[in-house]
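> Under our numbering, the first residue of the sequence shown carries the number 90, and numbering increases by one thereafter. For every residue, glycine included, the Cβ atom is placed at its ideal position computed from N, Cα and C. Structure below; questions to follow.
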Amino acid sequence: MNHAWMSKNDSESLVDFEKGKKLCLGFINDGSKILDIGCGDARFFDIVKKSVKNCEFYGNDIEKESEKIIKKKGYNFLKNLDVNKKFDVISMFELIEHLDYDNLLKMTGRINHLLKKKGLLIISTPNFPNLEELNHFWDNAQHKRPYNKAALQRLFAGYTLLKHTYFCPQLNPVKVLRNIILGFKPFMNQLFIFQKN
């Protein structure tokens with residue numbers, strides 16, 4: 090998955106921005122085995138590595154360039170998810186909205202198999218508080234389906250939702266201020282942290 094929409098600062102905001110750091114990094118333990126599905130250029134691993142010690146990182150992505158980048162950075166790359174490993178943390182940033190429902194069901198089954206009991210599932214996806222914002226979702230031809238909190242809680246019914254919050258991938262101060270004033274979160278993404286029961 091190509092994360093070209095993220096600048097270096099944007100991807101760092103995902104985990105280093107005050108709220109994100111408390112959410113993501115605060116939940117990941119030293120020595121965790123982490124799988125990032127749709128890992129792109131492994132920026133998430135780079136950020137985690139700065140704060141969490143002795144983790145084992147595995148990336149998976151359909152983009153051929155990602156495999157080269159992951160290996161060059163010294164991380165493990167999985168060509169597919171048919172592996173006999175168990176992970177403490179599985180993350181999917183801006184991925185699920187690109188899957189049709191049948192493929193998402195297959196993916197959730199695979200995640201359930203790969204994630205250890207009490208393991209963490211970290212997901213981010215666009216937020217659509219109103220119809221105008223939902224129209225922007227369809228501007229990206231690769232988007233298949235939007236997901237809100239209720240849909241993800243149904244999809245991951247065997248998991249406990251530990252945290253649900255929002256972050257702004259653009260970090261545009263004008264948009265953030267507008268969001269606060271208007272009382273809604275357009276162009277913001279949702280971050281979910283689930284724990285497998």
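Can you check which of these residues, L114, F256 and Y147, is closest to D130 by C-alpha distance?
Residue Y147 is the option with its Cα nearest to D130.
> Mind checking who D125 pairs with in its DSSP beta bridge?
G148 and S180
> Within the same chain, show all residues whose beta-carbon is closer than 7 Å to that of I158, passing over the 5 residues directly before and after it, in chain order.
D130 and A131
> What number of angstroms, rounded off, separates the C-alpha of P246 from the C-alpha of H187?
Pro is not the amino acid found at residue 246; the sequence shown has Ala there. One C-alpha to the other measures close to 21 Å.
> Compare the C-beta of Y190 against all C-beta atoms of chain D and say whether one is closer than 7 Å.
Structure shown: chain D not included; a single protein chain is present.
> According to DSSP, L194 sits in a beta bridge with which residue or residues?
Paired residue(s): none; L194 is not in a bridge.
> Suppose contacts are defined by Cβ-Cβ distances below 7 Å. Is Y255 in contact with Q284 by that definition?
No, they are not a contact pair.
> Which stretch, first to last residue, makes up the beta strand (DSSP E) that contains K174?
That residue, K174, is in no beta strand (DSSP E); it is neither H nor E in DSSP.
> Let's test the definition: count the other Cβ atoms within 10 Å of the Cβ of N237 and tell me whether it reaches 16, buried, or not, exposed.
Flag for N237 reads exposed.
> Mind checking whether L203 and F176 have CB atoms under 7 Å apart?
A contact, by the Cβ cut-off of 7 Å.
> Taking L251 and I212 to be in contact with their CB atoms under 8 Å, please state how far apart those CB atoms are, rounded to whole angstroms.
Cβ-Cβ separation between L251 and I212: approximately 12 Å, too far for a contact (criterion under 8 Å).
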